[in-house]
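A quick write-up on the structure given underneath.
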Amino acid sequence: MTFSIFDWIILVVYLAFTMGIGFWVKRYVESLSGYMVAGRRVKTSLGVATFAATETGTITFMYFGELGYVSGFSCFMIGILAMLAYMFVGKTGFVIAALRRHRVMSIPEFYELRYSRRVRLLGGIILFIGGVLNMGIFLKFDGIFLSEVMGLGPQAITLIMILMIVVVVAYTVLGGMFSIIVTDFMQFVILSLGMLVATVAILLKVDLAQVSSVVSAQYGEGGFNPLVNPRFGWMFIVWILISNVAAGALWQPGTSKALASESPEVAKKVFFYTSLTFAGRAMIPMFWGVAALAMLGPNEPSTAAMPKLLGAVTPRGLLGLLVAGMLAASMSTYSAYLLAWSSVMTRDVIACLRTKDFGERTTIWLTRIVATLIGLFLLIFGLWYQIPDTAFQYLFITGAMYTAGALGCVAAGIYWSKANSMGAYSALVMGALAPAGFLLLEKSRETLPSWLAFITDVNISGLLSFALAFTGMILGSLVTQKVCPPIKLGAEETT
Amino acid sequence: MNKGALIWMIIFAVSALCFFAVAAVVSVRGFADLKELLRSTKRADHGEGHARESQDGSF
Numbered sequence: 009m010t011f012s013i014f015d016w017i018i019l020v021v022y023l024a025f026t027m028g029i030g031f032w033v034k035r036y037v038e039s040l041s042g043y044m045v046a047g048r049r050v051k052t053s054l055g056v057a058t059f060a061a062t063e064t065g066t067i068t069f070m071y072f073g074e075l076g077y078v079s080g081f082s083c084f085m086i087g088i089l090a091m092l093a094y095m096f097v098g099k100t101g102f103v104i105a106a107l108r109r110h111r112v113m114s115i116p117e118f119y120e121l122r123y124s125r126r127v128r129l130l131g132g133i134i135l136f137i138g139g140v141l142n143m144g145i146f147l148k149f150d151g152i153f154l155s156e157v158m159g160l161g162p163q164a165i166t167l168i169m170i171l172m173i174v175v176v177v178a179y180t181v182l183g184g185m186f187s188i189i190v191t192d193f194m195q196f197v198i199l200s201l202g203m204l205v206a207t208v209a210i211l212l213k214v215d216l217a218q219v220s221s222v223v224s225a226q227y228g229e230g231g232f233n234p235l236v237n238p239r240f241g242w243m244f245i246v247w248i249l250i251s252n253v254a255a256g257a258l259w260q261p262g263t264s265k266a267l268a269s270e271s272p273e274v275a276k277k278v279f280f281y282t283s284l285t286f287a288g289r290a291m292i293p294m295f296w297g298v299a300a301l302a303m304l305g306p307n308e309p310s311t312a313a314m315p316k317l318l319g320a321v322t323p324r325g326l327l328g329l330l331v332a333g334m335l336a337a338s339m340s341t342y343s344a345y346l347l348a349w350s351s352v353m354t355r356d357v358i359a360c361l362r363t364k365d366f367g368e369r370t371t372i373w374l375t376r377i378v379a380t381l382i383g384l385f386l387l388i389f390g391l392w393y394q395i396p397d398t399a400f401q402y403l404f405i406t407g408a409m410y411t412a413g414a415l416g417c418v419a420a421g422i423y424w425s426k427a428n429s430m431g432a433y434s435a436l437v438m439g440a441l442a443p444a445g446f447l448l449l450e451k452s453r454e455t456l457p458s459w460l461a462f463i464t465d466v467n468i469s470g471l472l473s474f475a476l477a478f479t480g481m482i483l484g485s486l487v488t489q490k491v492c493p494p495i496k497l498g499a500e501e502t503t
Numbered sequence: 000m001n002k003g004a005l006i007w008m009i010i011f012a013v014s015a016l017c018f019f020a021v022a023a024v025v026s027v028r029g030f031a032d033l034k035e036l037l038r039s040t041k042r043a044d045h046g047e048g049h050a051r052e053s054q055d056g057s058f
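If you're matching them up, the sequences are chains A and B in order. Quick note: the first sequence uses my numbering, first residue 9, plus one each step. Quick note: the second sequence uses my numbering, first residue 0, plus one each step.
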């Protein structure tokens, strides 16, 4: 075990403090908008900190670290793509400014404003499935990370998973977005410190010339040039760029930070300033992964190599801060995701099946129950499911299941007057087809007929999902203009 | 050091610095925002408090 008494004290104090704050903030939750979007009173700096914390979990470090380990420096371009995509959304206000002006609390709510209640229901179901599947591997990876860094061994993974989900479900369920905003802020400070500690510890131990030569020996030119690396190439770059724009504008946990902002202008600023952290958010753990390749060699399990290195190079005493930082990162991500998906299930699926809306109190209680059930699902799914290929690709393909259709529906709904509900149905269904095909067929790759084998290429499936969703929106809308006339959006709010 | 590695290390250094610089700024200014958020929420709740007296407390 690499953890000292001092490390344990830091960790326990941090956890107790976070739980205490999470419960204390419950007193501020007085209404549905307070619970879901923190009363829409979040300013720029707080928005940036909580947005960055939501988008940075231990899973982020794990999948980026794994990519660094299995592909060398060439994966660093993913950080640049993410930064450019979020910068574009922040600078132009693409989608987010309009969503904030319409004062929606979730993306499917916009579907009802622009299309119909049934589109909202379908969009809510696809978003919920894609979102929960996407989140399904978080716990497992966090368990691997913490057990490796703390030197507890694989037998501790299940216990760590249970403890983490209990803590996060407890304060998310009680405090909603207020708890998330307050704890996210604290967690962002702690996780930034943890990242700094880990990066400095690695830089002090690693020989950069050795890193360069090991990457060169292991991956050749592909270790430095993403265009010749067999994992990447042009198709991957285009997919990830579009995917990041879609995720930036329409991934409910992140977008909810824009919806919680005090005005559309603040929402744009939050996205722009957060984009400046996105290259570092990706490249810092990728560098840890590349360093693990150089220092531990290429024969370690790809998911465990980076945390193993961190456990080995971080001095005792600082290890507690690092683990607290990583736990902080995870808890802020879980809480935002849990609230996002449970509110989608409650407000956009269950409520849409009824003719009469639930009251605010019932909605909040239902959201709490769904959040608890999602927590239980995450535990079971995390213990059982074996991910295909790398975690990064799994996360982007499950994300594409929803974001492809959503980008078609929302972008067309805002910027194209001919978009109608038939186009929206087509975009949502066709956008989900390729990723669902990948997830279902990937395990039986060898038995597939050759004409269907393309679907098990994650890059093709990912890019195809966006192409199909856009085709579905355009063709579906144009063909049915007379039978299904488009609905105009109501007046936008200015704050 | 390989030329490709050198270029990526420079990009990495700039990106990491940018991350930690933004983190430092929003940590300081975000704390003020957080205090303001809690204060304004409390004020709003007090304003609405009388109207809610017939209801049973918080959720």
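The beta-carbon is built from N, C-alpha and C at its ideal position, and this holds for glycine as well.
In terms of alpha-carbon separation, which member of the options lies closest to residue i?
i: A:V103; options: A:A299, A:A419 and A:I292; result: A:A419
i: A:L483; options: A:A461, A:S271 and A:A427; result: A:A427
i: A:T282; options: B:L36, B:L33 and B:A23; result: B:A23
i: A:G439; options: A:K451, A:N467 and A:L471; result: A:L471
i: A:D192; options: A:L201, A:A337, A:T375 and A:F280; result: A:A337
i: A:G65; options: A:P493, A:A320, A:V214 and A:M203; result: A:M203
i: A:A61; options: A:I137, A:L374, A:L335 and A:A435; result: A:L335
i: A:F84; options: A:V174, A:L235, A:I170 and A:L211; result: A:L235
i: A:A344; options: A:L121, A:I189, A:F149 and A:F118; result: A:I189
i: A:G138; options: A:A461, A:T411, A:L107 and A:L449; result: A:T411
i: A:V97; options: A:E454, A:I86, A:A332 and A:N252; result: A:N252
i: A:G76; options: B:G29, B:V21 and B:M8; result: B:M8
Between the alpha carbons of residue i and residue j, how many angstroms are there, rounded?
i: A:V112; j: A:N237; result: 42 Å
i: A:L267; j: A:I88; result: 25 Å
i: A:T311; j: A:A217; result: 24 Å
i: A:G305; j: A:V298; result: 10 Å
i: B:E35; j: A:K265; result: 17 Å
i: A:P293; j: A:F69; result: 5 Å
i: A:R355; j: A:R125; result: 11 Å
i: B:S57; j: A:L167; result: With a pLDDT of only 37 at B:S57, under the threshold of 50, the placement of this residue in the model should not be trusted; the figure read from the coordinates follows. Answer to the nearest angstrom: the Cα atoms are 33 Å apart.
i: A:P457; j: A:F244; result: 24 Å
i: A:G101; j: A:E273; result: 8 Å
i: A:I18; j: A:G28; result: 15 Å
i: A:G80; j: A:S485; result: 44 Å
i: A:A93; j: A:A275; result: 15 Å
i: A:T207; j: B:L16; result: 11 Å
i: A:M158; j: A:V222; result: 27 Å
i: A:D465; j: B:L33; result: 45 Å
i: B:S39; j: A:S114; result: 24 Å
i: B:R51; j: A:D365; result: Residue placement at B:R51 cannot be trusted, given a pLDDT of 44 that sits under 50; the coordinates are not used to answer.
i: A:K99; j: A:F31; result: 36 Å
i: A:F136; j: A:L258; result: 13 Å
i: A:E308; j: A:G319; result: 14 Å
i: A:F118; j: B:L37; result: 29 Å
i: A:S452; j: A:S53; result: 47 Å
Check the C-beta distance from residue i over to residue j and give it rounded, since I have them as a contact under 8 Å.
i: A:A477; j: A:G413; result: 5 Å
i: A:S350; j: A:A313; result: With 8 Å as the limit, A:S350 and A:A313 do not qualify as a contact, their Cβ atoms being about 34 Å apart.
i: A:F146; j: A:I198; result: The pair is not a contact, with the Cβ atoms about 18 Å apart (cut-off 8 Å).
i: A:G8; j: A:S82; result: Outside the modelled stretch of chain A, which goes from 9 to 503, sits residue 8 of chain A, for which no answer is possible.
i: A:E270; j: A:R49; result: 5 Å
i: A:L505; j: A:M169; result: This structure gives no information on residue 505 of chain A, because the portion of chain A shown stretches from 9 to 503.
i: A:P6; j: A:A475; result: Only positions 9 to 503 of chain A appear in the structure, and residue 6 of chain A is not among them; the question remains open.
i: A:F232; j: B:A4; result: 6 Å
i: A:I173; j: A:P315; result: With 8 Å as the limit, A:I173 and A:P315 do not qualify as a contact, their Cβ atoms being about 19 Å apart.
So for residue i, helix, strand or coil by DSSP?
i: A:S310; result: helix
i: A:S251; result: helix
i: A:S269; result: strand
i: A:V437; result: helix
i: A:V50; result: strand
i: A:L75; result: helix
i: A:W349; result: helix
i: A:G367; result: coil
i: A:K277; result: helix
i: B:N1; result: coil
i: A:Y94; result: helix
i: A:D150; result: helix
i: A:Y119; result: helix
Spell out whether any CB of chain D is found under 8 Å from the CB atom of residue i.
i: A:S224; result: As a matter of chain content, chain D is missing from the structure shown, whose protein chains are A and B.
Review point. Which of the residues in the region 269-299 of chain A, read from start to end, lie with their CB under 7 Å from any CB of chain B?
Key: Y281, L284, T285, A287, G288, R289, M291, I292 and F295
**Study point:** Contact residues within the region 9-23 of chain B, judged by C-beta distance below 7 Å to chain A
**Key:** I10, F11, S14, A15, C17, F18, F19, V21 and A22
Check your understanding: Looking at chain B, which residues of the region 188-211 of chain A have a Cβ within less than 8 Å of any of its Cβ atoms?
Key -> I189, V190, F193, F196, V197, S200, M203, L204 and T207
Review point. Of all the residues that make up the region 46-75 of chain A, which are near chain B by a beta-carbon distance shorter than 9 Å?
Key: A46, G47, R49, V50, K51, T52, S53, L54, G55, V56, A57, T58 and A60
Exercise for review: Select from the region 461-483 of chain A all residues with a C-beta closer than 8 Å to any C-beta belonging to chain B, and list them in chain order.
Suggested key: none
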